Ligand SMILES: C[S@@+](CC[C@H](N)C(=O)[O-])C[C@H]1O[C@@H](n2cnc3c(N)ncnc32)[C@H](O)[C@@H]1O
């Protein structure tokens, strides 16, 4: 799914690095699964989690009931979107809409529209139907990374909210110090841990980086995407 902070564009660069370390039958775990734009390019045993329960509901809809996803903006209108925003989002299609039909994919943002009258509901369907095939069998959990039960000796790819970004509208206070300690602990428990971030504490080494132009939402910025892991001498 289109998503704020999606790693779709860099997946082809960083996946080969991580997959080279994956052992046969090893679980691929993403505690910050977001729009599932990395996990949908991996096969085998996969677990994706996110603290945003509405996002997980939307992904479960994509995985299990793609036929329920609206085909165009007559099937799902701006009026329905605005009404859903005020609802309890018990309908998974409304959860999906809150991310996919909102400007910049900001949860419960404003209805996506432009002067050319692009039908964003229609634009969305094709990608999502393709993604549905690629996330069959993915276990999805609405949980914080801190509560997630991770199978032994997993390969864990973390894509947390970045240190210096304003965060997601639904954001929960994210404790970065606690997060890096969790990465150290998980590595010591025997998991292989990779992290996408702009910066990391000194005991983590940058194993890949690339300058990327980001033009989601209102902002257009240049950032250096990096991939980190705990440095060998600290393992
Ligand atoms: C950068 S996005 C992940 C994007 C994803 N890799 C993709 O390509 O679509 C970060 C995600 O972390 C989630 N998040 C924030 N705090 C969390 C926590 N404590 N536990 C689990 N997920 C959390 C946010 O809801 C958001 O979906």
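In the numbering used here, the protein residues as written are 206 to 440. Here a beta-carbon is modelled for each residue, glycine too, at the ideal position from N, C-alpha and C. Model, not experiment: these values are computed from the prediction.
Any non-hydrogen atom of ligand 1 within 7 angstroms of residue 445 CB: This structure does not reach residue 445, given that the chain is present from 206 up to 440, and the question cannot be answered.
Taking the straight line between their C-alpha atoms, what separation do you get for residue 440 and residue 359? Translated into positions along the chain shown, residue 440 becomes position 235. Translated into positions along the chain shown, residue 359 becomes position 154. Each residue's Cα considered, the two are about 16 angstroms apart.
Taking all protein chains shown into account, do 16 or more other C-beta atoms lie within 10 angstroms of the C-beta of residue 321, making it buried, or fewer, making it exposed? Within the chain shown, numbered from 1, the residue matching residue 321 stands at position 116. Result: exposed.
Where does residue 432 sit, in a helix, a strand or coil, going by DSSP? Here residue 432 corresponds to residue number 227 of the chain shown, with the count starting at 1. Here residue 432 sits in strand by DSSP.
Check the C-beta distance from residue 239 over to residue 208 and give it rounded, since I have them as a contact under 8 angstroms. Stepping through the chain shown from its first residue, residue 239 is reached at position 34. Stepping through the chain shown from its first residue, residue 208 is reached at position 3. Right, the Cβ-Cβ distance comes to about 5 angstroms (below 8 angstroms), so this counts as a contact.
Report the start-end ranges of each beta strand (DSSP E) in the segment 229 to 302 that is 3 residues or longer and not cut off at the edges. Taken in chain order, the unbroken stretches of beta strand (DSSP E) that lie wholly in the segment 229 to 302 and span 3 residues or more are 233 to 235 and 251 to 254.
CB contact flag (residue 233, residue 283, <8 angstroms): Translated into the one-based positions of the chain shown, residue 233 becomes position 28. Translated into the one-based positions of the chain shown, residue 283 becomes position 78. Cβ distance not < 8 angstroms, so residue 233 and residue 283 don't count as in contact.
In three-state terms, what does DSSP make of residue 382? By one-based count along the chain shown, residue 382 stands at place 177. In this structure, residue 382 counts as helix in the three-state DSSP scheme.
Residue 320 by DSSP, collapsed to three states: which one? Looking up residue 320 in the chain shown gives position 115. DSSP, reduced to helix, strand and coil, places residue 320 outside both helices and strands of the structure shown, so it counts as coil.
Within 10 Å of its beta-carbon, does residue 437 have 16 or more other beta-carbons around it, so buried, or fewer, so exposed? Counting from 1 along the chain shown, the entry for residue 437 is found at position 232. The residue is exposed, with fewer than 16 neighbouring Cβ atoms inside 10 Å.
Identify the residues that DSSP records as bridge partners of residue 361: which are they? Numbered from its first residue, the chain shown carries residue 361 at position 156. Residue 361 pairs with 234 and 398.
Is it the case that the CB of residue 398 approaches a heavy atom of ligand 1 more closely than 7 angstroms? The sequence position of residue 398 within the chain shown is 193, counting from 1. Outside the cutoff, so no.
What separation, rounded to the nearest whole angstrom, lies between the Cα atoms of residue 212 and residue 413? Residue mapping note: residue 212 aligns to position 7 of the chain shown, counting from 1. Residue mapping note: residue 413 aligns to position 208 of the chain shown, counting from 1. Between the alpha carbons of residue 212 and residue 413 lies a distance of about 14 angstroms.
DSSP beta-bridge partners of residue 409: Along the chain shown, one-based indexing puts residue 409 at 204. When beta bridges are read from the DSSP output, residue 409 appears opposite 435.
If the criterion is Cβ atoms closer than 8 angstroms, does the pair residue 387 and residue 350 meet it? Numbered from its first residue, the chain shown carries residue 387 at position 182. Numbered from its first residue, the chain shown carries residue 350 at position 145. Yes; because the gap between Cβ atoms is below 8 angstroms, this pair is in contact.
When the Cα atoms are used, what is the spatial distance from residue 354 to residue 323? Taking the first residue of the chain shown as 1, we reach residue 354 at position 149. Taking the first residue of the chain shown as 1, we reach residue 323 at position 118. In this structure, the alpha-carbon of residue 354 lies about 42 angstroms from that of residue 323.
With DSSP run on the structure shown, which of helix, strand or coil describes residue 336? Within the chain shown, numbered from 1, the residue matching residue 336 stands at position 131. Of the three classes helix, strand and coil, the one that applies to residue 336 here is helix, per DSSP.
Taking 7 angstroms as the cut-off, is the beta-carbon of residue 350 closer than that to any non-hydrogen atom of ligand 1? Counted from its first residue, the chain shown places residue 350 at position 145. Yes, the Cβ of residue 350 comes within 7 angstroms of a heavy atom of ligand 1.
Indicate whether the contact test is met: 3 or more Cβ pairs, each with one atom in the segment 339 to 347 and one in the segment 284 to 294, closer than 8 angstroms. Short answer: they don't touch.
Between residue 330 and chain D, is any beta-carbon pair separated by less than 8 angstroms? Within the model displayed, chain D is absent; a lone protein chain is all it includes.
By the 10 Å Cβ neighbour count, where 16 or more other Cβ atoms means buried, how is residue 251 classified, buried or exposed? Taking the first residue of the chain shown as position 1, residue 251 is located at position 46. By the neighbour-count rule (16 or more Cβ atoms within 10 Å), residue 251 is buried.
Cβ neighbours of residue 302 in the same chain (closer than 7 angstroms, five flanking residues each side left out): Here residue 302 is taken as the residue at index 97 of the chain shown, counted from 1. 281, 286 and 289.
For residue 415, is the classification buried or exposed, using 16 other Cβ atoms within 10 angstroms of its Cβ as the cut-off for buried? The residue given as residue 415 occupies position 210 in the chain shown. By the C-beta density criterion, residue 415 is exposed, having fewer than 16 other C-beta atoms within 10 angstroms.
Do you know whose CA, among 210, 399 and 334, lies nearest residue 309's CA? For the purposes of this step, residue 309 is taken as residue 104 along the chain shown, with counting starting at 1. Minimum Cα distance to residue 309 is reached at 210.
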